[in-house]
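Down below is the structure, laid out as structure tokens.
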Amino acid sequence: MSGASDESRSLRKFLRHKPAMISFVVILAYVAVAAAVILGDLVSVEDCERRYGPKSTPGFGVSQLFEKRLQDLSWYAEQIEQKLALRQKLKRRLQSRGVEPTNEKIEQELRGLRIGNLRPADISAEDFQIRLDSLWNTVAELDEFDDLNNPGSDTTTIERLTSAAEGQMRSLYAEQTPAEARHRNLHLLFGTDVAGRSVFLRSIYSIRVAILVGVVTGFISVAIGSLLGLAAGYFGGWVDGVVTWLYSTFASIPNIVMLMVLAYMFRGGEIDAWLNDLTGDRFGWLIGGTLDETLIPVFVAFSATFWIGPCRVIRGETLKLRESEYVQASQVMGYSRVRILLRHILPNISHLMLINFSLLFIGAIKSEVILSFLGIGVQSGASWGLMIDAARDEVLNDFFWQIGAATALMFGLVLAFNILSDALQDILDPKHV
Amino acid sequence: MTVSTGNLIRPKSPETPSVALSVRNLSTSFRTDRGLVNAVSKVSFDLHRGESVGLVGESGCGKSVTSKSIMRLLPEHVTRYGAESQVQLDGENLLTYSERQMRALRGNRIAMIFQEPMTALNPVFTVGWQLDEALRYHTKLNRTQRKARVVELLDMVEIPNPDRRYYEYPHQLSGGMRQRVVIAMALACEPEILIADEPTTALDVTIQAQILRLMKNLQERTGTAILLITHDLGVVAQTCDRVVVMYAGQVVEQATVRELFHDPAHPYSRALLQSIPQSGKKQQGKRLATIDGIVPSLFDMPDACRFADRCDCRQDLCVTDLPPISEDDDSGRSVRCHFPVSDSSSTRSEV
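Chains U and P, in that order, are what the protein sequence lines are.
Under the working numbering, think of the first position of the first sequence as 6, with each following residue one higher.
Under the working numbering, think of the first position of the second sequence as 5, with each following residue one higher.
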């Protein structure tokens, strides 16, 4: 058996291992989405903050109580009324300034009132007024019912009237192309939160945050930990003393307190100012904003504490390997210390680096969620932690779409990763045939 | 499969054996919390070209410290060498060499193999890669030359299918195979001196015999001087030309194998030989001879004969004065004893 066939056997084993394959595909999907968000601007921060519908809409178009349906359609109607009124005002203001009021100019000004990709119907102001009046009439008719939620025998009437009102409401907005309709359904897939923002888009954007935090902190922590661990284990003496002192000190500080201190450190903006002074205002330009608008504080805070784990493990392993016969043999072969460290010891601890990376990846994602939930993690944009935090009050009102979406996506990623690392251990373990 | 090795192997010099390595008054001490500990004191012996010398003694007698001192493998910051200590290679004292100079020497002119073949190879690289590395580091051969040389080396240590073994990982080889690879690696750069630290202890006797025979054959072909460190007198009898017996950090006897086994001069050597289990009718029902007592502590070494406490023929002088090592006569025989044993009647004629 040659080495090549050994590797292909592992590959075959992996391909045959169904849970491993499934979780691998799932992780790839997450990573692909994250890449699309980061590189392809699939979901922007603005998309996360924009209103896509009335507040607290359930997902999957689940039918609601009549009262809520009435509230929602009134909300849509009010939005368009506001929009029309504003449009008139803007038109007049532009005309008084002697500027020809083009539609683009007005739409630009009205961007704040956009509801997802819904546009007002392309009709005259008079037609709008007529359609609005008939809508309000139907709503008034509905208002005569005492209790919409317990309609008793009048269910059919109320249903008829509500559907009619919804139809009239829709006639105020432009007909959507099938593509636009699909998009709108997707935006409302998991409903909206209390501010009318799309839960779906927010949870997708959170994948970017999670993967970034996992990969970056995992990578940095393992890199620092391996470097210090290798140096401490191999060179011993004062190097070992310093590294051991460092990680003992760091380990003695409660993890979460340390993270909070670091997170708060970056909040005031003093560090931004100092760094900008140092780099001639290039720092803000480089990271595109201030520090707490980015994920950098989270990376720093996590990496500062997470490197301890890999460092300790790798130091121990290096201590063991340093005395191993093959390292002594390479010494006897006259190889330099750097060569022995990098060519002979490093490959033998690479499995530890991998294992620690996968542990830290999951750990960082979970910590990010907890920290954001506490309000000191991610500051802008969206993250599963922020969503779960925001969903606290909603859950009390039996509204679970936001917390459900955030938790489900996080659960999927963590579970897939755990299954994969478990399976990989089975597959790559030479003792396990 | 046979590969011609003639052109790459250094021809054995036909002239009289010259000294390859000369150890003179080697004293090695370690700095410890309890003060300076003298592990090896005033060890002297020569290693001639093409010769095998066995360095024997019980555990803790300083065999390994001696060999590691020669290779300068001991941790520098706790190790002190005596002022007049010398390890001479081509007239230069290795103890004064810098780490860089030593690195150029190790693996190239002096090679060493260890006891444990199971772990002596790096598990993450192929056998071929590891042999190739040695050549890459110490020679100027190009890739194809190196590959050919590695296959040739594997063939030389009698590994079947060297072309295929080149691509195998250490875990795919048996213990004997691995030790062969280790030997191949040590011999890759045709060293003048090979230090073998108990190379066969971890192997079973069949493989042990094979490996020893292989080393002997290779030595005949390459002319490498071998310093064989062992506590197994059987191994010494089988492979060595001369023996250096160490006790408590000192050389107590130096002799040819034949002399030592037939006529050991030092009481310790004699006691060692007597404590080898012997088969045959003569020995039936007899208790195996042992050496009473223990080796004196390194922290409390007597200023007299270090073996005196355990010696059968101890006399007053033995507990007061340290016996000098007797002068080398032409045969290279010397002994550190006030009253060397001279009659051969009490020893056996074979081992």
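All C-beta atoms in this analysis are idealised placements derived from N, C-alpha and C, irrespective of residue type, glycine included.
Since we're looking at a predicted model, the values are computed, not measured.
I'd like to know if residue i contacts chain U, where contact means its C-beta is closer than 9 Å to some C-beta of that chain.
i              : result
G180 (chain P) : no
Y141 (chain P) : yes
E3 (chain P)   : Since the first and last residues shown for chain P are 5 and 355, residue 3 (chain P) lies out of range.
R107 (chain P) : yes
R110 (chain P) : yes
A138 (chain P) : yes
V91 (chain P)  : no
M189 (chain P) : yes
V186 (chain P) : yes
Let me know if residue i comes out buried or exposed under the rule of 16 or more other beta-carbons within 10 Å of its beta-carbon.
i              : result
P315 (chain U) : buried
S279 (chain P) : exposed
Y57 (chain U)  : buried
C65 (chain P)  : buried
A130 (chain U) : exposed
R207 (chain U) : buried
E105 (chain U) : exposed
R187 (chain U) : exposed
L347 (chain U) : exposed
S372 (chain U) : buried
Y269 (chain U) : exposed
L290 (chain U) : Note on residue identity: the sequence assigns Trp, not Leu, to residue 290 (chain U). W290 (chain U) is exposed by the Cβ-count criterion.
P203 (chain P) : buried
S5 (chain U)   : Not covered by the structure: residue 5 (chain U). The range shown for chain U is 6 to 438.
H81 (chain P)  : exposed
S349 (chain P) : Only weak support exists for where S349 (chain P) lies, its pLDDT of 43 falling under 50; the value from the coordinates is given anyway. It is exposed - the Cβ of S349 (chain P) has fewer than 16 other Cβ atoms within 10 Å.
R153 (chain P) : buried
V247 (chain U) : exposed
L157 (chain P) : buried
Spell out whether any CB of chain P is found under 9 Å from the CB atom of residue i.
i              : result
A238 (chain U) : In the sequence under discussion, the amino acid at residue 238 (chain U) is Gly, which differs from the Ala named in the question. No, no contact with chain P.
G242 (chain U) : yes
By alpha-carbon positions, which one of the options ends up nearest to residue i?
i              : options                        : result
A34 (chain U)  : U:Q384, U:W389, U:L414         : U:L414
V400 (chain U) : U:L20, U:R55, U:S61            : U:S61
D50 (chain P)  : P:L30, P:V69, P:R107           : P:L30
Q384 (chain U) : U:E54, U:S426, U:R74, U:R92    : U:E54
G86 (chain P)  : P:D304, P:Q212, P:V27          : P:V27
T260 (chain P) : P:A24, P:T243, P:R107          : P:T243
T205 (chain P) : P:L191, P:E120, P:P271         : P:E120
P127 (chain P) : P:I211, P:L218, P:Q176, P:E156 : P:Q176
I215 (chain P) : P:Y173, P:L191, P:I199, P:I187 : P:I187
E88 (chain P)  : P:D94, P:L232, P:P203, P:K46   : P:K46
R310 (chain P) : P:C317, P:C322, P:N146, P:Q92  : P:C322
W374 (chain U) : U:S101, U:I212, U:L326, U:N353 : It is worth fixing the name first, because residue 374 (chain U) is Val in this sequence and not Trp. Among U:S101, U:I212, U:L326, U:N353, the Cα nearest to that of V374 (chain U) is on U:I212.
D296 (chain P) : P:Y101, P:P281, P:Y272         : P:Y272
I329 (chain P) : P:D208, P:V248, P:I199, P:G284 : P:V248
T222 (chain U) : U:A306, U:E185, U:L379, U:Y210 : U:A306
N42 (chain P)  : P:I211, P:R337, P:G111, P:D307 : P:D307
V69 (chain P)  : P:R53, P:N97, P:E96, P:F34     : P:F34
| request: Identify each residue in the segment 327-354 of chain U for which the Cβ-Cβ distance to at least one residue of chain P is less than 7 Å, and report them in chain order. | output: For the segment 327-354 of chain U, residues whose beta-carbon sits nearer than 7 Å to a beta-carbon of chain P comprise S329, E330, Y331, Q333, A334, Q336, V337, M338, G339, Y340, S341, H349, P352, N353.
| request: Residues of the segment 112-128 of chain P with a CB closer than 9 Å to any CB of chain U: list them in chain order, please. | output: Listed in sequence order: N112, I114, A115, M116, I117, F118, Q119, E120, P121, M122, T123, A124, L125, N126, P127, V128.
| message | By the 8 Å beta-carbon criterion, what residues does the segment 62-84 of chain P contribute toward chain U? | response | Residues of the segment 62-84 of chain P whose Cβ lies closer than 8 Å to any Cβ of chain U, in chain order: M75, L77, H81.
| query | Quick one: complete beta strand (DSSP E) runs, 3+ long, within the segment 95-136 of chain P? | reply | Qualifying beta strand (DSSP E) stretches, in chain order: 114-117.
| field | Complete runs of the alpha helix (DSSP H) confined to the segment 358-427 of chain U [at least 4 residues] | value | Runs of the alpha helix (DSSP H) inside the segment 358-427 of chain U: 389-401.
| field | Complete runs of the beta strand (DSSP E) confined to the segment 261-328 of chain U [at least 3 residues] | value | Complete beta strand (DSSP E) runs here, min 3: none at all.
| Counting only runs that start and end within the segment 211-293 of chain P, where is the alpha helix (DSSP H) found for 4 or more residues in a row? | Runs of the alpha helix (DSSP H) inside the segment 211-293 of chain P: 237-243, 261-266, 271-278.
| Unbroken alpha helix (DSSP H) runs of length 4 or more, entirely within the segment 193-270 of chain U: which are they? | If one requires a minimum length of 4 residues, the alpha helix (DSSP H) runs lying completely within the segment 193-270 of chain U are 204-240, 242-257, 260-270, in chain order.
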